[in-house]
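The working numbering applies: residue 168 is where the sequence shown begins, and numbers increase by one. See structure below.
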Amino acid sequence: MSAEDTRYMALALSLGRRGMGNCWPNPAVGCVIVAGGRIVGRGWTQPGGRPHAETQALAQAGAAARGATAYVTLEPCSHHGATPPCCDALIAAGIARVVAPLQDSDPRVAGQGFETLRKHGIDVRTGVLAEQAARDHAGFFLRTEQGRPLVTLKLASSFDGRIATGTGESKWITGPQARREVHALRARHDAVMVGAGTARADDPSLTVRDIGVTRQPVRVVVSRHLDLPLLGQLARTAGDVPLWLCHGHGADIERVKAWEGLGATLIPCAVRGVQLNAGDVLQQLGQAGLTRVFCEGGSALAASLLAADLVDELVGFGAGLAIGAEGLPAIGALGLGRLAEAPRFDLLETREVGGDAMQRWTRSLGPSAAR
Ligand SMILES: NC(=O)c1ccc[n+]([C@@H]2O[C@H](COP(=O)([O-])OP(=O)(O)OC[C@H]3O[C@@H](n4cnc5c(N)ncnc54)[C@H](OP(=O)(O)O)[C@@H]3O)[C@@H](O)[C@H]2O)c1
168 MSAEDTRYMA LALSLGRRGM GNCWPNPAVG CVIVAGGRIV GRGWTQPGGR PHAETQALAQ
228 AGAAARGATA YVTLEPCSHH GATPPCCDAL IAAGIARVVA PLQDSDPRVA GQGFETLRKH
288 GIDVRTGVLA EQAARDHAGF FLRTEQGRPL VTLKLASSFD GRIATGTGES KWITGPQARR
348 EVHALRARHD AVMVGAGTAR ADDPSLTVRD IGVTRQPVRV VVSRHLDLPL LGQLARTAGD
408 VPLWLCHGHG ADIERVKAWE GLGATLIPCA VRGVQLNAGD VLQQLGQAGL TRVFCEGGSA
468 LAASLLAADL VDELVGFGAG LAIGAEGLPA IGALGLGRLA EAPRFDLLET REVGGDAMQR
528 WTRSLGPSAA R
């Protein structure tokens with residue numbers, strides 16, 4: 168792998184990230200076309216999933232694409248979907264070389280894209296920045312391979328790991344810069360999700376604000392009986408910003424109708440014990456097309472997801488504040504007896520954000536990394 172390949176792939180990956188949160192259920196792909204040491208085309212998956220990154224970059228490159236190298240962050244598609252296959256477009260444009268880190272896990276592609284390109288005499292190179300690409304596409308892979316979206320769990324806590332006081336006060340544990348960072352993180356996910364306890368206690372709107380975003384992520388609230396305030400922020404905005412309510416099959420029909428009337432989408436899910444089955448909630452969200460979900464708590468929902476091994480990334484904002492044992496722990500009971508049973512994550516990043524400390528952790532990657 169040459170330094171040049173790595174450099175252009177890093178650029179393609181950064182372009183691809185621009186589509187994150189905007190193009191589900193499609194992957195957020197980036198593409199750079201290079202001819203004679205010059206970048207002649209750049210593209211990324213557009214809102215709603217099309218045009219695809221390759222189409223955008225090829226359109227920009229025009230005739231300069233002939234004999235050029237295309238850096239694409241995922242195997243180009245080879246099947247006829249809503250748009251013609253990107254492989255056909257690359258071949259027709261006369262691309263000589265394709266560099267792509269990973270094979271697509273979509274069974275309609277799964278290696279056939281690379282095969283098609285090779286059959287047409289295109290030199291195909293794989294594996295460049297594969298680990299980074301696997302992280303960026305983890306939500307898309309999880310959905311195609313396991314039927315569920317990637318889950319990022321974010322919590323803002325005191326030094327002693329509390330997310331609210333004993334009386335339920337949680338606004339604001341961290342400062343304005345950390346909250347702004349949270350809005351940017353929301354924007355890079357397809358959906359923001361909270362438990363009903365948070366919806367009842369905080370009356371949140373769960374929208375992205377003040378960072379110039381036009382497309383809002385879906386808002387998801389998990390509540391078995393739909394015991395949610397009908398006069399709160401979520402209800403008021405249900406007609407304007409997508410609001411999906413995951414509820415138990417036995418939820419009161421009057422409540423179902425009331426929320427439907429307000430414009431919410433109702434998603435019946437399986438029940439496990441007294442709560443919704445977290446695994447089924449995520450399967451339903453995956454079926455509805457979501458690839459990346461940003462869960463903002465609270466304590467009970469965080470525990471359910473962790474206990475079911477459904478959390479892929481952790482984002483913690485830690486404040487220099489002590490709340491004490493009567494405060495609400497960041498994560499509810501997990502019922503662990505031994506440390507070895509505790510879900511473990513690897514550190515990705517630590518950073519100071521306006522006087523608070525941000526940490527990002529990730530689960531070690533599954534089979535997609537070795538693709
Ligand atoms: N600092 C922070 O980052 C932060 C973030 C979020 C929340 N908070 C604070 O945390 C508190 C709320 O947390 P919480 O633990 O009480 O509530 P929560 O986790 O937000 O919601 C729990 C509720 O969600 C519903 N639910 C349905 N299925 C579930 C499942 N599988 N697992 C868990 N819950 C499920 C249940 O309500 P139903 O009976 O309706 O089904 C349950 O009581 C508030 O004080 C809030 O201010 C702080």
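Idealized CB from N, CA, C, for every residue including glycine.
In the three-state DSSP reduction, tryptophan 211 falls in the strand class (E or B). Using a Cβ distance threshold of 9 Å, glycine 464 and leucine 352 do not count as a contacting pair. When Cβ pairs closer than 8 Å are counted between the two stretches, the segment 387-399 is seen to touch the segment 418-437, the count reaching three or more.
With contact defined as three or more Cβ pairs closer than 8 Å, the segment 497-510 and the segment 334-354 are not in contact. For threonine 365, the CB falls within less than 8 Å of some heavy atom of ligand 1. Within the DSSP secondary-structure output, glutamine 526 pairs in a beta bridge with Gly483 and Thr517. Taking 9 Å as the cut-off, the beta carbon of proline 243 is found no closer than this to the beta carbon of alanine 224. Glutamine 279 is bridged by DSSP to nothing; it lacks a bridge partner.
By the neighbour-count criterion, in which 16 or more other beta carbons inside 10 Å mark a residue as buried, isoleucine 378 falls on the exposed side. If you look at isoleucine 378, you'll find it isn't in any beta strand (DSSP E); DSSP assigns it neither H nor E. The beta carbon of glycine 314 lies closer than 6 Å to those of Gln450 and Gly453 in the same chain, with the five residues before and after it left out. C-alpha of arginine 217 to C-alpha of glycine 362: approximately 32 Å in a straight line. Assignment of leucine 322 by DSSP, reduced to helix, strand and coil, places it in the strand class. For isoleucine 330, the secondary structure class from DSSP, reduced to helix, strand or coil, is strand. The shortest CA-to-CA distance from isoleucine 289 to any of Val201, Ser372, Gly487 and Ile262 is the one to Ile262. Contact between the segment 287-304 and the segment 179-193 is present, with at least three C-beta pairs closer than 8 Å. Secondary structure at glycine 342: coil, using DSSP grouped into helix, strand and coil. Counting C-beta atoms within 10 angstroms of its own C-beta, serine 471 has 16 or more neighbours from the protein chains shown and is therefore classed as buried. Taking the Cβ of glycine 499 as the reference point, at least one heavy atom of ligand 1 falls within a distance shorter than 8 Å.
Look at the segment 448-507 and you find these whole runs of beta strand (DSSP E), each 3 residues long or longer: 459-462 and 480-485. Between leucine 410 and glycine 428, the gap from beta carbon to beta carbon reaches 9 Å or more.
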